[in-house]
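Here the structure comes first, spelled out in structure tokens, and everything after it is commentary.
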Amino acid sequence: MPFRITAAAAVVALVIVAATGCTSPPSPTSTPTPTFTSADQAYAAAEKTYRAYVDALNEVDLRDPKTFEAVYAWTTGDALEGDKKSFTSMHADGWHVSGETVLGRIRPVAFELSGHTRVTARVCLDVSRVKVVDLDGDSVVPNGRNDRQPVTVTFTDGSSRTGLLIATSDASTDGEICGGH
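Residues 0 to 180 (numbering that gives the first Met the number 0) make up the sequence shown, in order.
Take a look at the structure:
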């Protein structure tokens, strides 16, 4: 019997030693470093982020919710929540979108780096080619919609190839970004 206990103890010890030897050492802790070191870098990343977002919007097929994911990948917080609500509603209502949104001008407004990056920009979206119709084929675009839409967008640090995500996107009263329209 002592042999069995000793053998069992040896196996347990061997498993413990082997398991300990296979674990990686703890990762060193690091202090997060800012993604951007200048406002110019942050503004350039914000523009790339918004262009990628618009490209994703232009690929949305309201009949296929899988196509919404590329849009969601560029948003966070209020923007993500708003996009999810809008796309879910349009999908449920059977709407169809055609045409492309074109990103016109983009103008930096503010850059903040205090623990995290926050970039604000005003953009002009040309939606003149975008048509949205309901199940009956009737347009759901409001009469008198401006072909150029001024929007204020806030970006924050995020997991994307640009290092930023869209946190908020709100209609703007600054029509000058769209040439006074």
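C-beta atoms are modelled at their ideal positions from N, C-alpha and C, and glycine is treated no differently.
| Check | Outcome |
| --- | --- |
| Can you tell me whether C177 is helix, strand or coil according to DSSP? | helix |
| Among the residues of its own chain, which have a CB less than 6 Å from the CB of T153, if the five just before and after it don't count? | T119, A166, T167 |
| Could you spell out the range, first to last residue, of the beta strand (DSSP E) harbouring L206? | Missing from the structure shown is residue 206; the chain here goes from 0 to 180 and no further. |
| List the DSSP bridge partners of H95. | V132 |
| Can you grab the Cα-Cα spacing for the pair L102 / D137, in whole Å? | 26 Å |
| Any heavy atom of the ligand HEM inside 7 Å of the beta-carbon of V140? | As presented, the structure is devoid of all ligands, the ligand HEM included, so that no description of it is given. |
| Is the beta carbon of D169 less than 8 Å from the beta carbon of T151? | yes |
| Using beta-carbon positions only, say whether V70 and A91 come within less than 8 Å of one another. | no |
| Identify every run of the beta strand (DSSP E) within the stretch 103 to 129, keeping only runs that are complete inside it and at least 3 residues long; order them along the chain. | 116 to 125 |
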